[in-house]
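See structure below.
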Amino acid sequence: MQIELPLAQMTIADKLQTMEALWADLSSRADQLPSPDWHRDVLQERKRLVEEGQLEFQNWDTAIAELRGELRGNSTS
């Protein structure tokens, strides 16, 4: 199946909304998606950095709100 989207006519907000819809669908089927070995390596490294206090996680909703604010020219941080 080939899907064509009017990417040139879509705003960045429209593109992000489309990506979020795709991600939500893929996330609901995570058990069907193979994960490459390098994902495990990256996650282990990030876990180590969090445990050492060198990295902090951010709430997903907060991160999305900040990205949307940046796209609108409003920094929320």
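No gaps in the numbering here: position 13 of the sequence shown is 12 in numbering that gives the first Met the number 0, and each next residue is one more. Ideal placement from N, C-alpha and C gives every residue a C-beta, glycine not left out. None of the values given here were measured: they were computed from a predicted structure.
Check: Contact under 9 Å by Cβ, lysine 14 with leucine 25; Outcome: no
Check: Alpha carbon of aspartate 60 to alpha carbon of glutamine 1, nearest angstrom; Outcome: 31 Å
Check: Between the CA atoms of serine 34 and arginine 28 - distance to the nearest angstrom; Outcome: 12 Å
Check: Proximity test, Cβ basis, 9 Å: leucine 15 and chain B; Outcome: No chain B appears in the structure shown, which is made up of a single protein chain.
Check: C-beta contact flag for leucine 32 and arginine 45 at 9 Å; Outcome: no
Check: Whole-Å CB distance - alanine 12 paired with leucine 70, under 8 Å assumed; Outcome: 6 Å
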